[in-house]
Every structure is written in C-alpha cells, then in structure tokens.
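Working notes for the structure below.
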C-alpha cells in the first residue's frame, strides 16, 4: 500500500567511538547539518525532495507545515516550496527536468538550436 | 541495468568552497558516460580513518563545472559491478578522484551534508527505492555529482564508496 513512509531513505551518523562534530563547526561552515557530538549516534529517515532530489531530515520539533506538492504527491524541500508557491502552485518534478534536458540535447544535436 | 560500487580505499578530503576547483585526490566524482545516460545514486558511505580528531564538512552536490578528462582510477580505488553477471556498458560512467580540469561544486545544488568526524566516525546514507539521486548526461549541472569537503572543518583520512546504478 502506498504511504509517505515507504519513500523514506536512511541516514546513519555514528560517533559512538569518535569525538563527533560540534555545533560550532557546523555553524561556521554555514551549511545545514545535524550535530552529532561525541559518543552520539544519529539514525534517521530521510525524505527526497521530488523537485530537486535534495535529502531532507525531518525535524520532529518543526511546527511549520511541511512542504508538500499535490502535483506529484510528494514532500518537497523548503527551497522548492518557495519556487512552487511563486509559480502559482506548479509542480516541477525532477524527472520532468530530466526530460526537458534530454529534449534540449536532442534538439541541439538534430538542429543545432538551443530552445531551452 | 546493474548496480556498481565506486570505492576509494583511503583519501584525505581537501576542503574547498563552492564554485572553486577541487583538488585532485581530495574528492570523489561520478559523471555520466554519455550525453543522455541516466545514473541513480543509491548509497554513500564514509568511514573515518584519521588518527586524531578531524571534523569534516562532507558535501554531496551537483557540480556546476564538470570535470574534463577524468583520470582513470588507480591502486586502492575501483569501480566494479555488484553482480558477477553484469555486462559491460557501451558508455561506462566516469568515476574519478582527479581530472585534467577539476570539477567545481555547485553553490545551489547541494544534495547531502554528511558532516562527520573522521576520527572513528561512520556515515551511511541510503536512498529509498525510487527516491535515488539522479544524474543525467555528462554536462553541468545534472551530469555530475561529487563528494567533497567544504571549508570550515579539518578533514582527515577517510574511506568512502558510492553505490550507483547506470542505465
């Protein structure tokens, strides 16, 4: 039976025998990542954004609505949600982007014209 | 088609900013074997081998500048089919750790942040079936994915592999 959970991937960060990574290191990098400190282990389900294939770790403390696209019946990341809302709710699923890319390449090979 | 494993026994990731040329032998790269080849990236694993604390900001991302003339893998690094019955591909994907012109990580198309401490740390990411990271063709920005270190940490000796499936 289809469900949201059978589309979940798996992430393991095991620092049980390691000094781990501190919040300071993550913060100074400017990137968003889970902080798994010394002696800790993170095992989490991850979602794939169907619009860009970025991986999302669900934050159980999140109170905002999780971005979801009815067009592809899939969770999407916040960045793609902003684009979806700005485009009036258009679903731009990743496989369609791939199709467009192939089409552009074929056109270019056949005609030398870039219509993308 | 058939799943393959691109494994790098040991390397020291070299930290670089986004849209900056990576350093040879300091990253893993996977590029499509033709302009239309589709690849699914299924698993990324890293095991720390450092002898001292080495927080590493490891990023899986699409490359906004793809590698030109990827160099064939050498001792310790390999790309092999998981199933012994796998037939050779007409256009094998390029798995590489260095190239004539090094790739550059996209600033906007980051896919995974697998930060870990290479002093005893382990990271493993696995996609659910149908939810894999797609790589299409061999040009920017959909045609290549890399695993590399971002600035901010002190990357240490690491072993890593990609499990992927070319079509």
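Residue numbers (our numbering), protein chains in the order written: chain A, 1 to 116; chain B, 1 to 167. Just so you know, even glycine gets a beta-carbon here, dropped at the ideal spot from N, CA and C. This one's a predicted model, so the numbers in the text were calculated from it and none came from an experiment.
State yes or no: is the beta carbon of residue 63 of chain A nearer than 9 Å to at least one beta carbon in chain B? no
Per-residue burial, residue 3 of chain A [other beta carbons within 10 Å of its own, 16 or more giving buried]: exposed
Using the DSSP secondary-structure output, state which residues sit across from residue 158 of chain B in a beta bridge. B:11 and B:48
Taking DSSP as the reference, what is the three-state secondary structure of residue 110 of chain A? helix
Please classify residue 116 of chain A: is it buried, with 16 or more other beta-carbons within 10 angstroms of its beta-carbon, or exposed? Caution is warranted here: a pLDDT of 49 is assigned to residue 116 of chain A, below 50, making its placement in the model unreliable, and the coordinate value is therefore given only provisionally. Classification for residue 116 of chain A: exposed.
Residue 150 of chain B at chain A interface by Cβ criterion, 9 Å: yes
Flag residue 112 of chain A as yes if its beta-carbon sits less than 9 Å from any beta-carbon of chain B, otherwise no. no
Going by C-alpha to C-alpha distance, which of A:1, A:14 and A:9 sits closest to residue 123 of chain B? A:14
Going by C-alpha to C-alpha distance, which of B:135, B:151, B:140 and B:149 sits closest to residue 40 of chain B? B:135
Identity of the residue in B:15, B:46, B:105 and B:17 nearest residue 9 of chain B by Cα: B:46
Name the DSSP beta bridge partners of residue 12 of chain A, please? A:43 and B:124
Sorry if obvious, but does the Cβ on residue 53 of chain A come closer than 8 Å to a heavy atom of the ligand GDP? The model depicted lacks the ligand GDP and carries no ligand whatsoever.
To which residues does DSSP link residue 24 of chain B through a beta bridge? None, per the DSSP bridge assignment.
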